[in-house]
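Residue numbers (this note's numbering): 1 to 171. Encoded as structure tokens, the structure appears first; notes follow it.
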Amino acid sequence: MAEITKISTPTANPPHRFAFADRARWWWLFWFGLFLFFFSGFQITLFGVTFTTIALDWAFMAEWWPFISRGVIITLQIALVSIVGATVLALISALARLSRIAPLYSLAGIYISLMRGTPLFLQVLFIYLALPQIGIVLDAYSSGVLALSLNYGAYMSEIFRAGIPGRRLRP
1 MAEITKISTP TANPPHRFAF ADRARWWWLF WFGLFLFFFS GFQITLFGVT
51 FTTIALDWAF MAEWWPFISR GVIITLQIAL VSIVGATVLA LISALARLSR
101 IAPLYSLAGI YISLMRGTPL FLQVLFIYLA LPQIGIVLDA YSSGVLALSL
151 NYGAYMSEIF RAGIPGRRLR P
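Spelled out as structure tokens, the structure:
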């Protein structure tokens, strides 16, 4: 009968002093501290060269904070609404580009090529300034949302179109 012998296996390398999450936290702390330093207003002279960091005017910030915070909120609203609109447009145009219906395929192709081929700034100007010339008047908020939705919808459409055929659905 054969004997069972124990074979000693080498142990894994000892763990690093800090796990990845701990190291990442230290790096986050480092970058945050560096960010704060850049806005601290310090002046440092190294080897005869004077470096000055940015000094924020806190009195100005306190005075204008209601306007700044309102601008941040409006910006986030425009971004969120535009993302939702872009996702809907992207899904519809990606499915149209994958369809075998020629008018849908060509219309989606024109939309994607036109939106991806012109700069976003030009699209914003066109929607806000040129559309009123033909009777379509939109306020600034709606113009911004429409321009961002159309532009990002075209880019997202190509991402969706590329991903749809590669996905196999299980029965």
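Backbone N, C-alpha and C fix where the C-beta goes; we use that ideal spot for every residue, glycine too.
Problem set entry | Terminal residues of the alpha helix (DSSP H) in which F51 lies | Reading the sequence shown from its first residue, position 51 is the one you call residue 51. Where F51 is concerned, there is no enclosing alpha helix (DSSP H), although the beta strand (DSSP E) it sits in stretches over V49 to T52.
Exercise. Once you ignore the five residues that flank R25 on each side, which residues in its own chain have a CB closer than 7 angstroms to its CB?
Worked result: Walking along the sequence shown from the start, residue 25 turns up at place 25. Excluding positions up to five away in sequence, the list is empty.
For this session: Return the residue from the list W31, T52, W64 and V145 that minimises the CA-CA distance to L80.
Result: In the sequence shown, residue 80 corresponds to position 80, counting from 1. Nearest of W31, T52, W64 and V145 to L80, Cα basis: V145.
Exercise. Would the beta-carbon of L150 fall within 8 angstroms of that of M115?
Worked result: Within the sequence shown, residue 150 is the residue found at index 150, counting from 1. Within the sequence shown, residue 115 is the residue found at index 115, counting from 1. A contact, by the Cβ cut-off of 8 angstroms.
For this session: Can you say whether G71 is buried or exposed, counting buried as having 16 or more other CB atoms within 10 angstroms of its CB?
Result: In the sequence shown, counting from the first residue as 1, residue 71 sits at position 71. It counts as exposed.
Exercise. R100: buried (16+ other C-beta within 10 angstroms of its C-beta) or exposed?
Worked result: On the sequence shown, position 100 is the one that residue 100 refers to. With fewer than 16 other Cβ atoms inside 10 Å of its own Cβ, R100 counts as exposed.
For this session: Indicate the three-state DSSP secondary structure (helix, strand or coil) for A147 in the structure shown.
Result: For the purposes of this step, residue 147 is identified with residue 147 of the sequence shown, where counting begins at 1. Three-state result, A147: helix.
Problem set entry | Other residues of its chain near A55: CB distance less than 7 angstroms, five sequence neighbours each side excluded | For the purposes of this step, residue 55 is taken as the residue at position 55 of the sequence shown. The answer, listed in chain order, is G41.
Exercise. How about G173 and G85: do their beta carbons lie closer than 8 angstroms?
Worked result: In this structure the chain extends from 1 to 171, so residue 173 is not present and cannot be described.
Exercise. Mind checking M156: buried by the 16 CB within 10 Å criterion, or exposed?
Worked result: Within the sequence shown, numbered from 1, the residue matching residue 156 stands at position 156. Buried is the call here.
Problem set entry | Per DSSP, cross-strand counterpart(s) of Q43 | As a working note, residue 43 is residue 43 in the sequence shown. T52.
Problem set entry | Cβ-based neighbour list, P103, same chain, cut-off 8 angstroms, excluding 5 preceding and 5 following | Taking the first residue of the sequence shown as 1, we reach residue 103 at position 103. None.
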